Every structure is written in C-alpha cells, then in structure tokens.
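Below: one structure, written as structure tokens.
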Amino acid sequence: MMAPQLDYQNDDALPCPERAQVEHWIATALAEAGAGDACELTVRIVASAEMQALNHRYRGIDSPTNVLAFEAELPPGIDLPLLGDIVICAPVVEREAAQQGKPASAHWAHMAVHGALHLLGHDHQDSDQADAMEHLETVILARLGFPDPYDTPPTMETPTPQ
Numbered sequence: 000m001m002a003p004q005l006d007y008q009n010d011d012a013l014p015c016p017e018r019a020q021v022e023h024w025i026a027t028a029l030a031e032a033g034a035g036d037a038c039e040l041t042v043r044i045v046a047s048a049e050m051q052a053l054n055h056r057y058r059g060i061d062s063p064t065n066v067l068a069f070e071a072e073l074p075p076g077i078d079l080p081l082l083g084d085i086v087i088c089a090p091v092v093e094r095e096a097a098q099q100g101k102p103a104s105a106h107w108a109h110m111a112v113h114g115a116l117h118l119l120g121h122d123h124q125d126s127d128q129a130d131a132m133e134h135l136e137t138v139i140l141a142r143l144g145f146p147d148p149y150d151t152p153p154t155m156e157t158p159t160p161q
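Written out as structure tokens, the structure reads:
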C-alpha cells in the first residue's frame, strides 16, 4: 500500500495524533475504499473557533463540529491527483471520545477515515448512504484494530424505583 501525499497541518498546542499515524489511517481508508495509489490531500487539525467559522461558512451551522471534508474542485482539463482537505477539530474529538467512553485514538482514527471517505464521494445524507458509509468505516477501522465506532456501550443509568 502506497501512502498518500499528505500535508499535515496542526497547531502544536492542540492534542492530536502524530503525522505518521494519521497517514496510516488515511492510507488504509483509501486503499480499502478502492482509491488509486497516487493521491494528495491535506489534513488540518484546528481549534474550536476555526472549526466553528468553517462550519458556519460552509454548512450554515454556527458551532464547531468534529470533522469537515472539502473535495478538490479542479478546473476542467486539469488532471491532478488532488482529493481535497480534511479538517478535524481537536477539542471536539477529544470531548466526544471522553463522552463516548472510548480511547481518543479510536475516535481520531474514525474521524480521519470518515473524512477520507467523504473525499472519495461517500456521504450519509439518506439512510441507505449512511448505512453503506458506516459499514465501510467499520470495516476499515477493524482492519486498523479499532472496534465498531457505532457500537456504543450501554450507559450506566440509575434504575427508577417501581
């Protein structure tokens, strides 16, 4: 498996995985999804304020989200192996991992894989698309040694007296 050319941008103050780890996750996702060997993409790790601004500008949602993917839009006649950009919000990923009771590395891997699949045209706008994308994510994450990200553990609830 050939690694994609990855431009990894991160603020050293933010908690985030090493470049080699992210590159491995994305290369595995691209290979499993049938992408060609030669491709280029950017992964940018951001703080909440930058992600909120991007989410507001491009999706009309005025709050940070965990991951956004922007497919490359090349002019006609330009044939470059550019996939696009994946933006991951470090504070959101860390918070969600803690809330979901999973290791941060598992959630980081999920967000990287999720973003890579979006760059390949996968989506979750309807239930059939969501089912197909979630299945592919689960297969890729299993190959990487991570559990099913959609298999949430039962919550500990206090029984209500009858």
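Okay, so the sequence shown: first residue is 0 according to numbering that gives the first Met the number 0, each after it adds one.
Quick reminder that beta carbons are idealized off the backbone N, C-alpha and C, glycines included.
Note that the structure is a prediction, hence the values are computed from the model and not measured.
Between residue i and the ligand NAP, is the CB less than 6 angstroms from at least one heavy atom?
i   : result
G59 : The ligand NAP is not part of this structure, which contains no ligands at all.
Once you ignore the five residues that flank residue i on each side, which residues in its own chain have a CB closer than 8 angstroms to its CB?
i    : result
L81  : C38, E39, L40, A71 and L73
A46  : D10, L13, C88, A89 and P90
P160 : Confidence at P160 is low in this model, with a pLDDT of 46, below 50, so the placement of that residue should be treated as unreliable; the coordinate-derived value is given next. For P160, where only same-chain residues beyond five positions count, there are no Cβ hits under 8 angstroms.
D130 : none
H165 : For the chain, the structure presents residues 0 to 161; residue 165 sits outside this window and is missing.
Please state whether DSSP places residue i in a helix, a strand or coil.
i    : result
L140 : helix
V112 : helix
I44  : strand
L135 : helix
E95  : helix
I85  : strand
E22  : helix
L53  : helix
L73  : coil
D6   : strand
Are the CB atoms of residue j and residue i within a distance shorter than 7 angstroms?
i    : j    : result
V138 : M110 : no
A28  : V112 : yes
A108 : L135 : no
L116 : V86  : no
A34  : L119 : yes
Just the Cα atoms here: how many angstroms apart are residue i and residue j?
i    : j    : result
R43  : P75  : 26 angstroms
Q20  : A32  : 18 angstroms
C15  : A26  : 18 angstroms
E22  : D127 : 29 angstroms
V132 : D125 : One detail in the question is off: residue 132 reads as Met in this sequence, not Val. Cα to Cα, the separation comes out at about 11 angstroms.
A97  : D147 : 16 angstroms
K101 : F145 : 10 angstroms
R56  : A30  : 31 angstroms
M50  : H123 : 20 angstroms
H106 : G114 : 12 angstroms
Q4   : A48  : 27 angstroms
A103 : N65  : 13 angstroms
D78  : W24  : 25 angstroms
Out of the options, state which residue places its alpha-carbon closest to the alpha-carbon of residue i.
i    : options                  : result
D150 : D125, Q99, H117 and Q128 : Q99
E95  : Y57, E49, P63 and A141   : P63
F69  : R58, I77 and L79         : R58
Who are the near neighbours of residue i in its chain, counting only those whose CB is closer than 6 angstroms to its CB and skipping five residues on each side?
i   : result
R18 : Y7
D61 : H55
D84 : T41 and F69
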